[in-house]
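Residue numbers (this note's numbering), protein chains in the order written: chain A, 1 to 115; chain B, 1001 to 1113. C-beta atoms are modelled at their ideal positions from N, C-alpha and C, and glycine is treated no differently. Values in this document were obtained by computation on a predicted structure and should not be read as measured data. Reviewing the structure listed below.
So this is what it looks like as structure tokens:
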């Protein structure tokens, strides 16, 4: 079945460092790919998404490019801030719409940014 | 206006009790979900409903019973609570066309003592 694998955390960085969180997926066809962020004590919020190969999703300085050839959707940010400290989830949904379509999540990666 | 709201935010109860969590969405979405997040932050889908009809039931114990009175509401009732039920439960809603994201509630932290 479809699955998402993301790098283990925690990831600890100093402020203004470069961030990469790796995400790879297994799915048939052309899934849509998402990054969600969960700040402490809150629900999940969509950070960015890409719905077809070579699309780049971007938001709040974060970027991820849908790479079909490597089945990857790595999250990057050029300069992290303390306020970026959160858990980041990679997710996919299959290419078919309809009632049985669901989001499948990776295990989450905790990012801790130190001042 | 909160898009997906669930109540209560915190729930502490004793083993063996029965409890309910309520969820409402005002986004006009046709599908709603319950997810369980364990202490390691792993998210697992429990149920989905589409237009009040149960679509996905991911081998959840039958002590868990979702109920959808209309497509804007999806409640979760749990009977005979066990210690292992302690987790954060998230409600989410989505329009089930390809490529759409889900919107999540703030979560309900359930602690069974």
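Who are the Cβ neighbours of residue i in its own chain at under 6 Å, not counting the five residues just before and after it?
i: residue 1079 (chain B); result: 1018, 1063
i: residue 51 (chain A); result: 32
Give me the chain B residues within the contact set of residue i, using Cβ-Cβ distance strictly less than 9 Å, ordered along the chain.
i: residue 89 (chain A); result: 1041, 1043
i: residue 34 (chain A); result: 1101, 1102
i: residue 107 (chain A); result: 1040, 1041, 1042, 1043
Short of 7 Å in beta carbon distance, which residues of its chain neighbour residue i, apart from the five on each side in sequence? Order them along the chain.
i: residue 1002 (chain B); result: none
i: residue 1057 (chain B); result: 1047
i: residue 82 (chain A); result: 15, 113, 115
Compute the beta-carbon to beta-carbon distance between residue i and residue j, rounded to the nearest angstrom, for a pair I have assumed lies under 8 Å.
i: residue 94 (chain A); j: residue 40 (chain A); result: The Cβ separation is near 31 Å, so there is no contact.
i: residue 1035 (chain B); j: residue 1044 (chain B); result: 7 Å
i: residue 1092 (chain B); j: residue 1105 (chain B); result: 7 Å
i: residue 1015 (chain B); j: residue 1088 (chain B); result: Rounded, the Cβ-Cβ distance is 19 Å, inconsistent with contact.
i: residue 91 (chain A); j: residue 103 (chain A); result: 5 Å
i: residue 1073 (chain B); j: residue 1023 (chain B); result: 7 Å
DSSP puts residue i in a beta bridge; with which residues?
i: residue 1109 (chain B); result: B:1010, B:1088
i: residue 73 (chain A); result: The partner list for residue 73 (chain A) (beta bridge, DSSP) is empty, contrary to what the question assumes.
i: residue 114 (chain A); result: A:14
i: residue 1020 (chain B); result: B:1077
i: residue 64 (chain A); result: A:57, A:75
i: residue 49 (chain A); result: A:34
With residue i as the anchor, note down where its beta strand (DSSP E) starts and where it stops.
i: residue 1042 (chain B); result: Segment: none, residue 1042 (chain B) is in no beta strand (DSSP E) and carries neither H nor E.
i: residue 91 (chain A); result: 86-93
Show which residues of chain B have a CB atom less than 7 Å away from the CB atom of residue i.
i: residue 99 (chain A); result: 1031, 1050, 1055, 1096
i: residue 49 (chain A); result: 1101
Under 8 Å Cβ-Cβ, which residues of chain A neighbour residue i?
i: residue 1106 (chain B); result: 42, 43
i: residue 1090 (chain B); result: 43, 44
Here's a check: name, in chain order, each residue in its chain whose Cβ is nearer than 8 Å to the Cβ of residue i, leaving out the five neighbours to either side.
i: residue 11 (chain A); result: 19, 21, 109, 110, 111, 112
Just the chain E side, please: which residues come within less than 7 Å of residue i by C-beta, in chain order?
i: residue 1102 (chain B); result: In the displayed structure, chain E is absent; the protein chains listed are A and B.
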